[in-house]
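Chains as they are written, first to last, in numbering that gives the first Met the number 0: chain A, 0 to 184; chain B, 0 to 252; chain C, 0 to 194; chain D, 0 to 70. Even glycine gets a Cβ: it sits at the ideal position worked out from N, Cα and C. Note that the structure is a prediction, hence the values are computed from the model and not measured.
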Amino acid sequence: MNKYLKVSLTLATIASGSALLIGLMNLATVGAIAANKENKIKNGISRFYPEQYYYQYFEMKENSDELEDGKLLYPTINSVYIVDVPREEGYKRGYVYSTSAKNSYGQVDLLISIKEAKIDEIYVVKNTESYGQTLEDNYINKYNNGYLKDLADVKCGATYGAKIVKEQCDDAMRHYTNNYAKEGE
Amino acid sequence: MSMDKIKRSQHKESFLNGILRENPLLVQILGLCPALAVTKSLETAFGMGLLFTFVLVSSNVIVSLLRKLIPEEIRTPCYIVVIATFVTIVKMFAEAFLPELYSSLGVFLSLLVVNCIVLGRSEAFAGQNGVFDSFLDGCGNGIGYTWAISLMGLIREIFGKGTLTIGKVFNFFGDPLVLPILKSTTLDTNGDPLYDFSISIFQNPAGAFIVLGLMLAVMAAITNHKKAVEKAKERAAKEAAKAEATLVAGGAK
Amino acid sequence: MEMIVSFILAIVSYMLIDNVVLSRFYGICSFIGVGNKVKSAFSMGLAVTFVIMMATLVCYPLYFYVLVPAGIPFLDTLVYILVIASLVQIVGLFIKKTSPSLYKTLGIYLPLITTNCAVLGVVQTNSDSQLDFLTSLANGLGTSIGFLIVIVLFACMRERLNGYNIPKAMKGVPIALIVAALMAMAFMGFGGMVG
Amino acid sequence: MDQTQAFILAIVIIVVLLIVFVISFVLYMRTPAPKGCEKLKIGPKNCEDCDVEGCMIYKERHKKEEKEEKE
C-alpha cells in the first residue's frame, strides 16, 4: 500500500508542478501575446501609410447598428481604422479594415486598405488556411504588385482560400461605399 | 586526484560527444522532421535549434533530478509529461517574445514533444546519470543539432533564395539586413534583379530531402575515410609487430 | 451535397497535395526507418491510420468543449500527447487480449506510434487552424491514407534499390532521402489539383 | 471563468489524463503477449531491413556481424 501511495504522490507532484509552471508562464506572457497582436495590426497600418498620422478605430462586431434581421451586415469585418494622413492642404482620409473569415480549412485574417474607392493593398495578418505561403504568393502578393487587375481573377482567384479573401474584400468595399464614399467627395 | 581527472574527462566527453562524434542529426540520424521542415532560412533553423536546446537541457535536468523518485515501471509517462511541460513553456515564450519565429515554426514547435532526440536522451542518458552530466549532455546534443540544422538552413537559403536575410526573425535591431549572394538586391530598369543564380528547388520540400541526403552522405564519407585510415594504421602496426617478431625469432636462432 | 464535395476534396488535398511525409514532413522517422519490406510498411501504415482517427475523434471534443470554454487552450499540447499515448496503450492492450493474429502484424509497431509526429501533427493542426469537425476528420483520414500510400510506395522502391551498386557513402539513409526527394518532386505535380 | 478555477481545472485534467495513461501503460506492460507472439519484440530479428544507424539495435547487430566475419 505504501508503495502505491508513494507512486501516486510522485505523480501528483509532477502533474501539479507542470501545471504550476505552465500557469505562471501563461501569466507572464499573456500580456505580451496580446500586445503582439495589436502591434501586428499597427505595423500593417504603417505599411499602408508610412508617414505618421492620427487614426481612430471602432469595433464592428459590438456595434448593434450593423445588425439586420439578427444577422451581422458585414460578417467578416472586425474593426475599421480611419486614418488622417496630413497633406499640404488639410488632411486626407484613408480607411483600413481589419477582417477575418473562416472556411473549413482554416482562418485568414486580413488588413484591407481602401484608397480612392479602390482596394489598394491587402496585408495578411494571420493565415492558417493554406499550408505555407501559397495564398500569399499565388494570389495576394500578385494583386498587391499589380499583376492582377481584379480580385476575381480566373487563374488564381478560384481557390477556397481566395474565395474567403474575396468575401472579406467585398464586405470591406460594401461598408466603404455605404458609409464613407460620399464623405470623400 | 585521479578520480577527479576521470570525472572531469567524463564531463568533457558527455559534452563533446553530442557536438560531433555522436551528432544527433548527422550521425545518429534522429530528429529528421524539424530538420527538413524549418530549414527554409538560416534564422528559423537557428531559432528552432535554440528552442530545441532549451527544451532538451531543461528536460534532461529535471528528469535526472527525478530519476530516483520515479519508479522504473512508469518512467515513460513521467518523461512525456515533463517534456510536454517544457515544450508548452517554450511555445508561450516564443509566441510572446519571438512572434515571427513562432509563426514560421508553426506546428513543429509543438512537435518537439515527440522528438526522438529529446525522449531518447531522457531515456538513455538523463535517466541514468547525474544532474551535471545530464546538463552537459543536453547542451552538447543541443549545440550539435543546432549547428547541423543551421548549416542546412544556410545552404537552402543561399541556393534557394539567392539572398541571406539576417535580422528578420530576431528583429531587435531594426531593419533586417539582406546580403545579396546569388541574387542581386538592386533592380535594373525592367524591375528584374541584376543577376539571379538562385535555384528555387532548394526552397521546396524536394530540396530539403536532397540537401539532407547529401549532408549525411558527406558525413558518412568522412567517417568511412577515418575508419579506413585507422584500419590501415592497425594493419601496418600488426605487420610491423609480426616482422619484428620474426626478426627477433631469427635473431634467437 | 456541398458538404460531401468539400469533405472529399479536403481528403484528396490532405492526402496528395499536402502529403504528410513529402510536403508537411511529419513522420519522417518511421518513413525512413520502416525500411524495404512492403508488408511491414503496410501494417505500420494501417496502425498509424487507426491511431490518427481515434486521436482525432477524442481530441476534437476535448479541445473545443473542455479546454476552450475553461479558458486554458494553451494546455493543448500536453493534453494531446497524454491522450495519444494512452490511446496507443489502450488499443495495444485491447489487441493483445483479443486478437493474437492482429497483434502479430501490428504489435511491434504500436509502441512506436506514440512518437510518430504524424499523429500529434494532425491533432495539433486541427486545433491550431480551428478546423470544423468534418474537416478534422478529413484531415485525419487524408493524412493517414497519404502516409499509407507513400510509405508503401517507398518500401517498394527501396526493395528495388537493394540490387544496385551505390557508392558506399550514399548507402542506407542518404540514398533513401534522395529517393524521397524524387518522390516529393513527383508529388509536387499534384499541386493546384484541388483549389 | 475565474483564474483559480481554471487553474484547478487544469491540474485536474492533467492528473486525470496522467492517471489514465499510467494505468493503461502499466496494464499493457503487464499483460502477457498472446500465444505464438511471445518473442515478438523490437529486436535484431525484426529490424533486419532497417538502415537507421543511430539505432542501438542496428549497432548491436552490426557488432555481431563483424564478430562473425572476423571468426
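Comparing alpha-carbon positions, which option in K101/A, G160/A, S112/A lies nearest E135/A? Minimum Cα distance to E135/A is reached at G160/A.
Cutting at 6 Å between CB atoms, please list the residues of its own chain near Y219/A, excluding the five before and the five after it. Residue 219/A lies beyond the stretch modelled for chain A, which goes from 0 to 184, so this question has no answer here.
Neighbour flag for M218/B against chain A, beta carbons, 8 Å: no
So Q129/C contacts chain A; which residues on that side make the cut at Cβ distance below 9 Å? K101, G105, Q106, T127
If you draw a straight line from the C-alpha of A240/B to the C-alpha of G129/B, how long is it? 43 Å
Alpha helix (DSSP H) runs contained entirely in the stretch 35–85 of chain B, provided each spans 4 or more residues: 41–65
Report yes or no: do three or more beta-carbon pairs, one from the stretch 142–162 of chain B and one from the stretch 10–28 of chain B, lie closer than 8 Å? yes
Option nearest S23/D by Cα separation, candidates R157/C, L86/C, Q123/C, M184/C: L86/C
Partner residues on chain A for A9/D, Cβ-Cβ distance less than 7 Å: A18, G22
Nearest residue (CA-CA) to M24/A, options T104/C, G32/C, G106/C, L74/C: Comparing Cα positions, the closest option is L74/C.
Would you list the residues sitting across from Q93/A in a DSSP beta bridge? In the sequence under discussion, the amino acid at residue 93/A is Gly, which differs from the Gln named in the question. G93/A is bridged to V82/A.
Comparing alpha-carbon positions, which option in L19/A, A33/A, L26/A, S7/A lies nearest L68/B? S7/A
Check whether the stretch 178–186 of chain B touches the stretch 156–165 of chain C, counting contact only when three or more Cβ pairs, one atom from each stretch, lie closer than 8 Å. no
Contact list for N38/A against chain C, beta-carbon separation under 7 Å: By Cβ distance, chain C contributes nothing, its closest Cβ being about 20 Å from N38/A, past 7 Å.
Ranges of the beta strand (DSSP E) found wholly within the stretch 122–202 of chain B, counting only runs of at least 3: 162–165, 176–179
Using the beta-carbon count (16 or more within 10 Å), is E72/B buried or exposed? exposed
Please state if the CB of A123/B and the CB of S133/B are separated by a distance shorter than 8 Å. no
Give the range of the alpha helix (DSSP H) segment to which L92/C is assigned. 75–97
Beta-carbon of K167/C versus every beta-carbon of chain D: anything under 8 Å? No, no contact with chain D.
Using the beta-carbon of each residue, which ones in chain A are nearer than 8 Å to T87/B? At a beta-carbon threshold of 8 Å, the residues of chain A lying near T87/B are I21, M24, ordered along the chain.
Smallest Cα separation from D136/B: which of G119/B, M151/B, G152/B? G119/B
Against chain B, with Cβ distances strictly below 8 Å, would V123/A count as a contact? no
Given D119/A, which residues of its chain have a CB within under 6 Å of its CB, disregarding the five upstream and five downstream residues? S112
Sub-8 Å separation of L37/B and L110/B beta-carbons: The sequence given here places Val at residue 37/B; Leu does not occur at that position. 8 Å or more divides the Cβ of V37/B from the Cβ of L110/B.
Tell me the rounded alpha-carbon separation between E184/A and V123/A. Note that E184/A has pLDDT 44, beneath the 50 cutoff, so the model's placement of it is unreliable and no number is given.
At what residues does the alpha helix (DSSP H) containing S112/A begin and finish? Premise fails: S112/A lies in the beta strand (DSSP E), 105–114, not in any alpha helix (DSSP H).
If we count the other Cβ atoms within 10 Å of its Cβ and call it buried at 16 or more, is A180/C buried or exposed? Answer is buried; the Cβ neighbour count reaches 16.
Taking 8 Å as the CB-CB limit, is F51/B close to chain C? no
Residue-chain proximity (V21/D, chain B), Cβ-Cβ < 8 Å: yes
For A32/D, three-class secondary structure by DSSP: coil
Excluding the 5 residues preceding and the 5 following Y25/C in the sequence, name in chain order all residues of the same chain whose CB lies nearer than 7 Å to its CB. V19, C116, A117, G120
Expressed to the nearest angstrom, what Euclidean distance is found between the alpha-carbon atoms of I148/C and T43/B? 31 Å
Mind checking which residues open and close the alpha helix (DSSP H) that includes V149/C? Unbroken alpha helix (DSSP H) run through V149/C: 132–160.
Strictly under 8 Å for the Cβ-Cβ distance: is L147/A near chain D by that measure? no
Looking at the C-beta of T30/D, does it have a partner C-beta in chain C at a distance below 8 Å? True, the Cβ-Cβ gap to chain C drops below 8 Å.
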